[in-house]
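Participant:
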Amino acid sequence: MAAQEAPPPGWYPDPEGRLRLRWWDGLDWSDRYRPPPSPSELQRAAAARAAAGTMASRVPPQPAQAGLGRADVEEIISQVRQVARNEVDRAAEVFTERARVAARTAVRDVQPLVSEYTNRVFRWLRIALVIVVLAVIAWFVFQAVAQATFLEWLGDRIDSLGDSSQPIG
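Just so you know, we're using our numbering here: the sequence shown kicks off at 39 and counts up by one.
The following block contains the structure:
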């Protein structure tokens, strides 16, 4: 069958004989399948075709019918393409900026679960370390004070032994 004789692209009964529809792309069968339409889908399609028939009578004349030459049509097409490109670029910039903001917010707001547990463990370890350091410092201070007091007492006792004016006893 020549390409001019082929049916237009659309959903057709599957040539393999199954109860489904298969997409015909105008040249060959695709790998896209769908179930046959339900009665409600058929009614909506009929209503859409009827509406399209009434709309066809209100379609404005084509550029060639409106007196525009080929150069005018190409100029209009190039302007539409340029506007479309500008809109695509603008949309890409907006989406890129939104993605950056979302990424910054997500990174700032999300705390890994591992860090939550390690922070808890490290907090308790820090508290225990502070308590141990304070205890060691207190022990050294106590030892220094106790040793100084003991040596002062011992010196007083030795001085009193050498003093003969006081009776021992």
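The beta carbon of each residue, even a glycine, is placed where N, CA and C say it ideally should be.
All of these numbers come straight from a predicted model, not from anything done at the bench.
Can you give the beta carbon distance from Arg-58 to Tyr-50, rounded, assuming they're within the 8 Å contact cut?
Facilitator: About 11 Å separates the two Cβ atoms, so there is no contact after all.
Participant: What are the start and end residues of the beta strand (DSSP E) that includes Arg-72?
Facilitator: Looking at the DSSP string, the run of the beta strand (DSSP E) that includes Arg-72 is 67-72.
Participant: Could you have a look at Gly-91 and say whether DSSP puts it in helix, strand or coil?
Facilitator: Note: Gly-91 maps to helix in three-state DSSP.
Participant: Quick check: what's the CA-CA separation for Val-145 versus Ile-114?
Facilitator: Approximately 46 Å, taken between the alpha carbons.
Participant: Alpha carbon to alpha carbon, what distance is there between Glu-125 and Gly-48?
Facilitator: Distance between the alpha carbons of Gly-48 and Glu-125: 31 Å.
Participant: Could you please give the first and the last residue of the uninterrupted alpha helix (DSSP H) stretch that includes Arg-146?
Facilitator: 108-147 is the span of the alpha helix (DSSP H), which, as asked, contains Arg-146.
Participant: What are the residues that DSSP puts in a beta bridge with Arg-60?
Facilitator: Answer is Tyr-50, Tyr-71.
Participant: According to DSSP, simplified to helix, strand and coil, what is Pro-77?
Facilitator: It is helical.
Participant: With DSSP as the reference, label Ala-44 as helix, strand or coil.
Facilitator: Note: Ala-44 maps to coil in three-state DSSP.
Participant: Below 8 Å on the Cβ atoms is my guess for Trp-67 versus Pro-45; work out the distance and round it to an integer in Å.
Facilitator: Contact doesn't hold; Cβ gap of about 11 Å is too wide.
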